[in-house]
Structures are given as C-alpha cells and as structure tokens.
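Protein sequence lines, in the order shown, are assigned to chains A and B.
21 is the number of the first residue of the first sequence in the numbering used here; add one for each residue after it.
8 is the number of the first residue of the second sequence in the numbering used here; add one for each residue after it.
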Amino acid sequence: MSNLKEKFVKRVDLIFEKTECRDILEKIIDMEPDAICQKVLDSDLKGRGGAGFPTGMKWRFASQEEDTVKYIICNADEGEPGTFKDREILDQVPGKVFCGMAIAAKAVGAKYGYVYLRGEYKFLIPMLNEELVKFHRTMDEFNHNFRIQIRLGSGAYICGEESALFESIEGKRGEPRNKPPYPTTSGLFGKPTVINNVETLVHVVMIMKYGAAHFKELGTKDSRGSKVFSISGDTPKAGIFELELGMSVNEFVEEFGDGDTKAVQVGGASGFCVPRKRFEETIIGFEGVPTGGSMKLFNSTRSMYNVLHNYLDFFTEESCGQCTPCRVGCQQLLKGVEAVKRGDKNSKYLDELVKLAKTMKRASKCGLGQSVGNAFGSIVENFKEEIIY
Amino acid sequence: METIIENEFVKELGNKHGRSRESLIPILQDLVVQNRFLSKQDMVDVARELDISAADVYGTATFYTFLDTEVRGKYIIRICKTISCAMKGKNDILSIIEDILKIKVGETSSDRKFSLLEANCIGWCHKAPAMLINDTPYTELTPEKVTEILRDYIRTK
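As structure tokens, this is what we get:
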C-alpha cells in the first residue's frame, strides 16, 4: 500500500526544469514536419488547458492544410478560477514556451505566432519582451523564419475560449464562433491555426528532449505524463506542483488536505465538485475528472452554498451574452439558488434548475455555457442540504 | 461645417499600432494606460482614425472589463472576489480599503486618485487574498499589509 501511494502522488520536475532550448531548436530545424507531428502523436500528449484534445492530432490537421499563411497561438489567457500555473510557467521558463511555439511552427509550416496573455498578468510583459528578443535572435541564427508577438487581454474570461481569443486578436468583442469550422481549418483571420495552452507547449519541448517514450512512462493509459496543478483553498500546501497524472482524489487529499477536507473542486468553476465519499474512486485525469490544473480544497467549515453562489456569480458576469441559454441560464441559476436559500422556492425547484443546467450544456454555443452544469450539478447533487438550509 | 480637432495622441497610437481593425484593442489599451478610462471623444477619435463606426469602438470597449468607459482614478484597485480570496478574508480587506479611502466598491475618490473595483479571479489563489493596483499584484493581504500599501500610495504617489 505504501508503495502504491508513493507511486501515485509523484512529484515531477519537467516543466520547470531549466532546459537549453538552443539544442532543441537546432535539433528540430532539420526534422521533417511530419516526423515532429508523429513524435507528439506517439507521446499521447493531450492539451493541458483542460479540454484535453490530442496535441499531435491538432498539429497534423493544421499541417495538412494547403494555406501559405498559418498561425501558432499560445493561449496564456489563464482565467479559470483556481488556475495560476501558466503565470508561473511564463515567469520561470518563458524561453521554453517560445521554443514550444517554434516547434509547432516548424511542424505545421507557420511563420507567425501570438502569445495571448491575460491583462491581469501585464506585469510580466517587460520580462517576456526581453526574452522574446533573445528568442528571435536564436531563430535568425538558425535561419528559422518565425516571429512571435504578444497580445494582451483586457479582463474577459471568455477570451480563453479559442475562437473568442481569435476574435479578440482581430480587434473585436470576444464572442465565440460557431464550430465547425475548427481552428486548424479556419482560425485566426480565417487561416489554419494551432492554439495550445502554455503548459502543453512546454511539454512538447520536453518530449523533443527526452522522447515520447519517456513522457509515456508517467501517468495512465488515458492520461499520459505529468501535469502542473494549481492548488488552493483549505490546504497547508497551497501552490504550484507538477504531479504525475492518474492519482485518485483520495491520494491527492492525503498529500494536500488539512485533515478535514470535505470536497475538492477539480477543474475550477467549470469543473466538478468531488465529495469525500467519492475521493477513493475518482481518478484525476481524462478517465475521471479532467482538470486544467485547478484544485480547490474545502474543509468542513465551508458552506458549499457560498461556493456555488460564488461560481454562479462568476459565470453570470463572464458569460459573453451572445447566446440565450448561457446568458439567461446563468442568471436564472443564480437567482434560483438564492430563492431556494431564502425559502421563496421549495427544494424541488433545485431539480428544475438541474434540468436547466443540462439544457445549457446541450444548447450553449461554447464551453462556458456548456460547463456551468458541471459544478452546478455536482455541488447540488452532493450538498443538497447545504444549498437548501 | 463641423470642425474636427485633431487628437494628437490617437494619431500617434495609430502610427504605433497601425490602423487596421486588429489595432483597435492595443490602441484602446494604451488610451486606458494614459487616461485610466475611455472618454466618448476618444472613442469617436479612434473610430475616425481607424475608419470604423464609433458604435463598433464602443461595442468592443464595453465588452472588456479593463477597457473602462467610466471615469476612473489614477490608481485602480481591483480586489479579487473569487472563491479562494473570498474564503481567505477578502471582505475584511475590502472594508479596510473602504475605510481608508472613504469610497465604496465601484466608486472613485473625489481627487480622482483612486478607484475601487472588484475583479474575478486574478490568478493568485495560492496567495489569497489578492488585489491589483493598476498592473501590480499584491498578495497574501492582511489588514496591516493593505493599510501600509495604501498609505504608501497616498503619501508618495
């Protein structure tokens, strides 16, 4: 048993490892684009922003497009409540992020890249620009025609949604587009675009350095590799930790809990709430509860009504308002739980609200409206008394 | 005939960022850095500079929380209200700020030095409670710490 535990909550140091990117860039310069895509595919790397789309597949789709203009975008619009690891990655190893973008550029044949950084992280810009000058110098040395620009967000959570992010770079309101077409066919300025999370790009660098097999040694069949977690809430060890994927919530809580953990919110406001009775059976990874890294622990002094209310307030403000299910749905869920709490509506009304959240999942245009029901359903189902009384 | 008074700063920003649609947000962001908010006149001038409608400029600006269209102070305080910060005593910090600056959330001090706003998750949950003053993050706030920070702004800035 003790062996098992050691195996599961395993700390890893790949993302923050100081890596000499020159050597990796030199290596990929002579590689065939398809060989790069294949290597990423072989690793089974899935996107680290939360959605978990296979990175290699994304790259291959974009590489197969005929267009002469393609874009690489680093999504640094980290806004999910409880997620703060991308800021740390950009702060500690910015060169590796740019290097990951250069690898993607080589793989798909792109000459331009953007880093879309959330406005809240503007303080990083002077340092990032300095690093970018060095990076461009290295690119020139290797005759690699690829240039990166940094664009700054302005406080809209929704711009982390890929198509809303494109709209924002294009100078418009950050309203998500209909899909399909997907970004690899028609993304930024209507051109084939690869958009990856900050952490995903750094994983690619490490896969190029140590090989796909090395990456696959960590994690499980469905969730390969390690993941950078942002840990906060009722924990004596709040912070940023790179851990092997595939541990159970129980193992996680044993390591990071305060001895009185009653629930863990995995994946932020748009993720799932795991109550104590499910800690043992729930795996943190794509086969269980997926996460972009946000892990919030709540102990028994916390009211889950307050937690839910806080999330609904967040979504009501951050919904872009474009589609009705999300715009009206978020407001009604918020008003609804308030009414139940006040006693204006009886507890059966919660079932109506759960139905509404399910409708939002089906009818909303983008991931925001589609995932409000995750937190709503899992908190209401497991902590019904706390919502009502 | 209507006389158009040239807005030199907007022209300068057009030169710096370009005049295509994708230049709009960087231009608005720089205007906010300069004036802390977007005035109606500035938005009209930007529209003219980029040859798009003023409604488009206004519509885009109002989508983004940080592109304020209301008068704001020289220092905009955004205190995070999302769950981790709420759990770690954000409300206490907020009342101290309100006491010191004599303004409530959403208000700007009469000397236009400070605006006090709440923000959604600003990405410092492990060091909650946290706030931004303009672009600078302040974390692990305590009543003493926030008092000292504000006194410093009042005294020296």
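Beta carbons are placed, not taken as given, at the ideal position from N, Cα and C, and that holds for glycine.
Look at the segment 117 to 142 of chain B: the residues with a C-beta under 8 Å from a C-beta of chain A are A126, N127, C128, I129, G130, W131, C132, H133, K134, A135, L139 and D142.
In the DSSP secondary-structure assignment, N319/A is bridged to T281/A. Of all residues in the segment 25 to 57 of chain B, only R28, E29, S30, L31, I32 and Q36 place a beta-carbon less than 7 Å from a beta-carbon of chain A. Closest by C-alpha distance to N394/A, out of E405/A, E406/A and L376/A, is L376/A.
A check of alpha carbon separations from P150/B across E105/B, S91/B and I59/B identifies E105/B as the nearest. Using a CB distance cut-off of 7 Å, K142/A counts as an interface residue toward chain B. Taking CB atoms only, T115/B has no neighbour in chain A less than 7 Å away. By DSSP's assignment, T213/A forms a beta bridge with Y91/A.
Neighbourhood of N330/A in chain B, by CB distance below 7 Å: T89, I90 and A93, in chain order. In this structure, C350/A and V392/A form a Cβ contact; the two beta carbons are roughly 6 Å apart against a cut-off of 8 Å. The secondary-structure analysis by DSSP pairs P201/A with nothing; it has no beta-bridge partner. Between the segment 179 to 186 of chain A and the segment 82 to 96 of chain A there are three or more inter-stretch CB-CB distances shorter than 8 Å, so the stretches are counted as touching.
For T76/B, no chain A residue has a Cβ inside 9 Å of its Cβ, as the nearest lies near 12 Å away. Residue contact check for T149/B against chain A: no CB pair falls below 7 Å. Per DSSP, V248/A lies in no alpha helix (DSSP H) segment; the continuous beta strand (DSSP E) that holds it begins and ends at S246 to G253. According to the DSSP assignment, C87/B belongs to the beta strand (DSSP E) that extends over Y82 to C87.
Rounded to whole angstroms, the separation of the alpha carbons of I44/A and G120/A is 10 Å. In this structure, D254/A is the residue among F335/A, D254/A, F292/A and R31/A with its C-alpha nearest to the C-alpha of G279/A. When L124/B, G130/B, H133/B and K134/B are compared, the shortest CA-CA separation from I140/B is found for L124/B. As the crow flies, the alpha-carbon of D371/A is around 13 Å from that of I399/A. Using a CB distance cut-off of 7 Å, R362/A does not count as an interface residue toward chain B. CA-to-CA, the gap between F81/A and D49/B works out to about 43 Å. Going by C-alpha positions, R244/A is about 12 Å away from T220/A. Of the candidates W131/B, D58/B, H133/B and Y65/B, the residue whose Cα lies closest to the Cα of S27/B is D58/B. Cα atoms of T143/B and M77/A: separation of roughly 39 Å, rounded to the nearest angstrom. Short of 6 Å from the beta carbon of Y65/B, and not among the five residues preceding or following it, lie these beta carbons of its own chain, in chain order: M50. At a cut-off of 7 Å, the C-beta of E405/A has no neighbouring C-beta in chain B. Interface with chain A (7 Å Cβ-Cβ cutoff): Y160/B is excluded. If you look at S188/A, you'll find it in the alpha helix (DSSP H) that goes E182 to I189. Here D75/B is not near N14/B, since their CB atoms are 7 Å or more apart.
Taking a Cβ-Cβ cut-off of 7 Å, the neighbours of G194/A in chain B comprise F70, given in sequence order.
Between D106/A and A96/A, the CB-CB gap stays under 7 Å. Against chain A, the CB of T163/B has no partner CB under 7 Å away; the residue lies outside that interface.
In the structure shown, A232/A adopts helical secondary structure according to DSSP, grouped into three states.
Under the three-state reduction of DSSP output, I407/A falls in the helix class.
The beta carbon of L354/A sits closer than 7 Å to those of L332, D333 and T336, all from its chain and outside the five residues before and after it, given in chain order.
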